[in-house]
Structures are given as structure tokens and as C-alpha cells.
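**Student:** Structure provided below as C-alpha cells; questions to follow.
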Amino acid sequence: MLVLPTSWEPNRQAFLTQLGVSEGGLGEQLFGKVYNALFVHSTEMRREFERYYAVEYGSPENYARIVHGLELDDEELAHDQIFLVTWLPQIVDGDYEENQLDTVLACIEELERANNEAKT
27 MLVLPTSWEP
37 NRQAFLTQLG
47 VSEGGLGEQL
57 FGKVYNALFV
67 HSTEMRREFE
77 RYYAVEYGSP
87 ENYARIVHGL
97 ELDDEELAHD
107 QIFLVTWLPQ
117 IVDGDYEENQ
127 LDTVLACIEE
137 LERANNEAKT
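Using the working numbering, the first residue of the sequence shown is number 27, and each one after it goes up by one.
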């Protein structure tokens, strides 16, 4: 399970461009699946909380702890979206050698940084 807090609005093209992946190639196929796993097929916990569980649990922090068994810190809770990823493609799965998870996380951090700079 991976918790991915972000204020960067997920954008497939920006994600692939930041990774240096060209359109139409094998890289797009592989990392397009990574994007989908992280931002499409994951649970966006803040949105889910607000839609279905706000009255019952009172706060995103309570919802994460009670429903998903996760303790989120103040920094994670400060983000606009909190993605809960329960499945990762092999290319970024930590169980496999030479996985690209660190590269993908660095890419998302850079997109987050650029987003925050654009807001100021």
C-alpha cells in the first residue's frame, strides 16, 4: 500500500513528459499503467471522505485511521488529494529489483514543486 499526497492535479501528459517518456512507445505503455495505478485506479481518500464519510468520521484523519488503518501526519493531510494506491505495476513494485519507484516519486515531487511555484 502506498499513500501519495499531492496538491498537483494529476495530468497524464505532464507526468509522462516529466519522466521523459515519448508518446506512442513502450515507455508510454509502461508508465501510462503506472499513472493509472497511482491516479486513476487508486482511492482518492479526501474525495471519498467528503462524499461518503464526512458525517460518520468527522475528519479525513479519523477516516484514514479507522477505515484504512493509516496514520496520516499533518503534512500529508495538508495536500489537496491523498491517493491510496493498493496495487503497483511491476516496473515500480518494490518487490522487484531495478524498479523505478524512486524515479516516479521524484517525478511527482518535481511536478508538485512546479505546481506550488506556479501558485505563488
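No residue lacks a Cβ here, since even glycine has one placed at the ideal position from N, Cα and C.
Does Val-29 come out as helix, strand or coil in the three-state DSSP assignment?
**Tutor:** Looking at Val-29 - three-state DSSP - the assignment turns out to be strand.
**Student:** Report the three-state DSSP secondary structure of Leu-96 (helix, strand or coil).
**Tutor:** DSSP places Leu-96 in coil when its eight states are reduced to three.
**Student:** Which residues in the same chain as Phe-41 place their Cβ atom closer than 6 Å to its Cβ, once the five residues preceding and following it in sequence are excluded?
**Tutor:** Correct list, in chain order: Tyr-61.
**Student:** Classify Glu-10 as buried or exposed, calling it buried when 16 or more other Cβ atoms lie within 10 Å of its own Cβ.
**Tutor:** The requested residue 10 is not part of the displayed model; the chain covers only 27 to 146.
**Student:** Take Thr-69 and list the residues in its own chain whose beta-carbon comes closer than 6 Å to its own, dropping the five residues that flank it on each side.
**Tutor:** Once the five neighbours on either side are set aside, the close Cβ partners of Thr-69 are Leu-110.
**Student:** Count the other CB atoms within 10 Å of the CB of Ala-90; is the residue buried (16 or more) or exposed (fewer)?
**Tutor:** It is buried - the Cβ of Ala-90 has at least 16 other Cβ atoms within 10 Å.
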